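**Q** Counting from 8, one number per residue, gives the positions in the sequence shown under this note's numbering.
No residue lacks a Cβ here, since even glycine has one placed at the ideal position from N, Cα and C.
Because the structure is a prediction, the values reported are computed rather than measured.
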Amino acid sequence: MRFIHLADLHIGKRIKEFSLLEDQAYILERIVEITEKEKADAVIIAGDLYDKSVPPGEAVPVLDDFLTRLSEMDKTVFIISGNHDSSERLSFGSRLLKKNNIHIISTFDGSLSKTVMEDEYGSINVFALPFVRPARVQKFFPDKTISSYEDALVDIINDAKGKGILVPNERNILICHQFVTGTSSPILSDSESTIVGTLENISCEIFEDFDYVALGHLHCPQSVGRETIRYAGSPLKYSFSEVNHKKSVTVVDIDKNKVSIKESPLTPGRDMRKIKGKLKNLISPEVCEEICSDFIHATLTDENDLYEPLATLRAYYPYILHMEHIKESEFSNENNETSVYDRISKNPIKLFKEFYEETKQKEFHEHKQKLLEKVLKEELEEFCHDTH
């Protein structure tokens, strides 16, 4: 059996003032094409279909069109809710959709959801667990002490095994939307609502009874612990921390005794990228012509002060989201991005200048900078006086 694993669609997401609905509709159409090309039997969507629990009205038809296309192709679809989704809203029409082989499992009701599919080798059990918090799971297991996310999942899995719902030596797939880690730290991005801490962390070792674990929550495609415990990642880049991600969907084949996976790459209609250089170079035709429609993070390296560089850049890059001016002489290492950001964070003047220009969309002029320097100097002197 072959299925397509994807997650974290975040339909309806906006980045600053820009809606991504057009970009999302485009990439979902590419996923439909991949599903058809790969002759997949099923599609798994591991949570965070919408970006908000109350999605904007125009986001709903985008998901509706996607699911309709898959249904028209006679694909079985499994959907779970993520931490961004409203389980109640996502479940609307779920009984009707189930008749068309679209299975929406949006609420944990005390038992692990199970659907049995068949192929030439026999049964494949598809277990679906929507995003859960320990407090909700505790209600169904009053005799247990559930103080962490891992406690919650361990009790759910053990309960399924105890009831004979989950049989370890059968072919089992789990769909899950949680923060799962292995021996090394997973790759994170700024666009995830992840609280990295011991309470939310779940060890991949608890999934030993599953042949494949289809995860959602983290936006970079990656396996955790073993190859078959996998985050599909988001289909689009949703923050500049993801500019180097190679977005894809995961194509999974389950045979009699083997699971194999491959990535099918996704090319967006509009990319997200970082550019760096002198202003005159960045607005030259040879640089901007092919990327002018992309979402842009620009770092200017001119040694001299510039007059309204953001406005100049916007004339060439209408989807510019962020601009910073760091003089070339301030780079201790051209390729060490972390050291640059560390330096900025230690300079309140530059940090405020960046904030001002980003929020006001206009230049933070020199006279304002001098005024800010004066105020900060006075405050610092007063602080030093008070602490001695």
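Run the CB neighbour count on Lys82, radius 10 Å, all protein chains shown included, and call it buried at 16 or more, exposed below.
**A** buried
**Q** What do you get for Asp398, buried or exposed, if any count of 16 or more other CB atoms within 10 angstroms of its CB means buried?
**A** Outside the shown range of the chain (8 to 395) lies residue 398, about which nothing can therefore be said.
**Q** Quick check on the DSSP output: the beta strand (DSSP E) that includes Met131 runs from which residue to which?
**A** Note that residue 131 is Ile in the sequence shown here, rather than Met. From DSSP, the beta strand (DSSP E) with Ile131 extends over 129–136.
**Q** Alpha carbon to alpha carbon, what distance is there between Val294 and Pro355?
**A** 32 angstroms
**Q** From Asn90 to Asn288, what does the alpha carbon distance come to, in whole angstroms?
**A** Straight-line Cα distance between these residues: approximately 43 angstroms.
**Q** Taking 6 angstroms as the limit between beta carbons, can you name the residues of its chain near Ser241, skipping five residues before and five after?
**A** Asp15, His226
**Q** Looking only at its own chain, which residues have a Cβ that is under 8 angstroms from the Cβ of Glu157, when we skip the five neighbours before and after it?
**A** Result list for Glu157: Asn208, Ile209, Ser210, Ile213, in chain order.
**Q** Please list, in chain order, all residues of the same chain as His329 whose beta carbon is under 6 angstroms from its beta carbon, the five residues on each side excluded.
**A** His304
**Q** If we ignore side chains and look at the alpha-carbon of each, how far apart do Ile18 and Arg178 end up?
**A** 32 angstroms
**Q** Going by beta-carbon coordinates alone, are Thr257 and Arg233 separated by less than 7 angstroms?
**A** Going by C-beta atoms, Thr257 is not nearer than 7 angstroms to Arg233.
**Q** If you run the structure through DSSP and keep just helix, strand and coil, what is Phe217?
**A** coil
**Q** Around the Cβ of His374, are there at least 16 other Cβ atoms within 10 angstroms (buried) or fewer (exposed)?
**A** exposed
**Q** Pair every Cβ in the segment 105–113 with every Cβ in the segment 67–87, then say whether three or more of these pairs are closer than 8 angstroms.
**A** yes
**Q** So which of Phe359, Gln229, Phe73, Val144 has the shortest CA-CA distance to Ile194?
**A** Gln229
**Q** Is Asp48 helix, strand or coil when you go by DSSP?
**A** coil
**Q** Quick test of your reading: Asp260 and Lys285, contact by CB under 8 angstroms. State the CB separation rounded to the nearest angstrom.
**A** Going by Cβ atoms, the distance from Asp260 to Lys285 rounds to 50 angstroms, so no, they are not a contact pair.
**Q** With a threshold of 16 other CB atoms inside 10 Å of the CB of Asp92, please say whether the residue is buried or exposed.
**A** With 16 or more other Cβ atoms within 10 Å, it is buried.
**Q** Going by CA-CA distance only, name the one from Glu270, Glu296, Leu243 that's closest to Asp278.
**A** The option with the nearest alpha carbon to Asp278 is Leu243.
**Q** Report the option in Lys283, Thr152, Phe134, Lys23 whose CA atom is closest to the CA atom of Ala1.
**A** This structure cannot speak to residue 1, because the chain is shown only from 8 to 395.
**Q** Going by DSSP, which residues form a beta bridge with Ile303?
**A** Arg280, Ile327
**Q** When we look at the beta-carbon of Lys353 and count the other beta-carbons within 10 Å, is it buried (16 or more) or exposed?
**A** Note that Lys353 scores a pLDDT of 49, beneath 50, so its modelled location is shaky; the value from the coordinates is reported in the next line. Its Cβ having fewer than 16 others within 10 Å, Lys353 is exposed.
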